[in-house]
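Novice: Under the numbering used here, think of the first position of the sequence shown as 13, with each following residue one higher. Encoded as structure tokens, here's the structure I'll be asking about.
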Amino acid sequence: MICTCLVHEHQPFGICRRLSRTCPHKPFSISIINYCVQRYHFHSTATMAGQQTSPVRCDVDVVLAGQTGVGKSSLVNMIMGVGDEHGAQVSNDVRPCTEKTTPYITKLEGSSLQCQLWDTRGLDEASDDPSIMAMALSWFRGIPQCERELKDFCKERTKYDRGQTMPLFIWCIHASKITVPVHWQQFRKAYVDYCGRKVKPVVVITQMAPKFETDWREKCEEQLRQLDLKIVPGNPSDLLVRVRKHHGISSIEYREDSQAVRDTISLLSGSS
């Protein structure tokens, strides 16, 4: 059964008006979605049900990762140049809004670069100063499910052929956490252990409020030096981008910061 919502009432970005919780029709299978895409020629920036509905050739993969509530999905929307009400689902609190890794296809504004953005599931909140008991309990429990998923996903996305562009890996850290080593250690773990250094890393500092503006770049550079990753021969600052708090897509902060993120993606995608 093909859902009439999908066929007749599809919304921008291919989102069914009554899909998931309130749709009265039977659940979709991926074969049904593929049928609808081919039969009715739907084209969307975001994909449905967390799946790619048709193969799309992209110039570069961009993987976004970080803790739950850090603003990964909002960053996806910022890169695509759409409001939060039209793109990736976002949450205004620390509850996860991305339940599994979801791809979005977009062309960078002002560029011919076609990107596939991967909005990954948020990692569990790390303790800023874990006790010995907490660390022992963490070791006993093993790798959390969300970390296992990220590890498996990163290993899969780094299996690219020679001649293909190396994927970008964007690690998001909340501005209030930039001086907390554990959040940078998570970045190192993801970059070194999960991605095997086979990605071009970027650290995006999210939710930058005025009270965090003072020396934010220097503080981040110091954390990167302590990780001793040797990613960039020159200035560690080349890895850093900030995203300030803003009041909508028409605000100056939004326009400037979204362009800065897109410029970074474009620059790294073109470098060897």
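All C-beta atoms in this analysis are idealised placements derived from N, C-alpha and C, irrespective of residue type, glycine included.
Smallest Cα separation from C232: which of V82, R254, T170, V88?
Specialist: To locate residue 232, count along the sequence shown from 1; it is residue 220. Cα-wise, what sits closest to C232 is R254.
Novice: Along the chain, where does the beta strand (DSSP E) containing F199 start, and where does it finish?
Specialist: For this step, residue 199 is matched to residue 187 along the sequence shown. F199 -> not in any beta strand (DSSP E); alpha helix (DSSP H) instead, spanning 193-200.
Novice: To the nearest angstrom, report how far apart Q79 and S124 are at their CA atoms.
Specialist: Walking along the sequence shown from the start, residue 79 turns up at place 67. Walking along the sequence shown from the start, residue 124 turns up at place 112. Roughly 31 Å between the two C-alpha positions.
Novice: Compare the beta carbon distance of V88 and A100 with 7 Å and say whether it is the shorter of the two.
Specialist: Position 76 of the sequence shown, counted from the start, is the residue given in the question as residue 88. Position 88 of the sequence shown, counted from the start, is the residue given in the question as residue 100. In contact: V88 and A100 (Cβ atoms closer than 7 Å).
Novice: Looking only at C-alpha atoms, which of E268, W183, W196 sits nearest to R237?
Specialist: As a first step, residue 237 must be located in the sequence shown, where it is residue number 225. Of the candidates E268, W183, W196, the one whose C-alpha sits nearest the C-alpha of R237 is W196.
Novice: Spatial neighbours of Q235 within its chain, please: CB distance less than 6 Å, with the 5 preceding and 5 following residues excluded, ordered by chain position.
Specialist: Against the sequence shown, residue 235 aligns to sequence position 223. Only W196 meet the Cβ criterion.
Novice: Below 8 Å, can you find three or more Cβ-Cβ pairs linking the region 265-279 to the region 115-123?
Specialist: yes
Novice: Tell me which residue opens and which closes the alpha helix (DSSP H) that I289 is part of.
Specialist: Outside the modelled stretch of the chain, which goes from 13 to 284, sits residue 289, for which no answer is possible.
Novice: Flag this pair as touching only if the region 206-221 and the region 173-189 have three or more C-beta atom pairs under 8 Å; answer yes or no.
Specialist: In short, these stretches touch, since the Cβ pair count reaches three.
Novice: Measuring straight from C-alpha to C-alpha, what distance separates Q176 and T113?
Specialist: Within the sequence shown, residue 176 is the residue found at index 164, counting from 1. Within the sequence shown, residue 113 is the residue found at index 101, counting from 1. Cα to Cα, the separation comes out at about 22 Å.
Novice: Of the residues I91, I117, G81, G95, which one's Cα is nearest the Cα of D71?
Specialist: The sequence position of residue 71 within the sequence shown is 59, counting from 1. D71 has its Cα closest to that of I117, out of I91, I117, G81, G95.
Novice: List the residues that DSSP assigns as beta-bridge partners of W228.
Specialist: Position 216 of the sequence shown holds residue 228. DSSP output for W228 lists no bridge partner at all.
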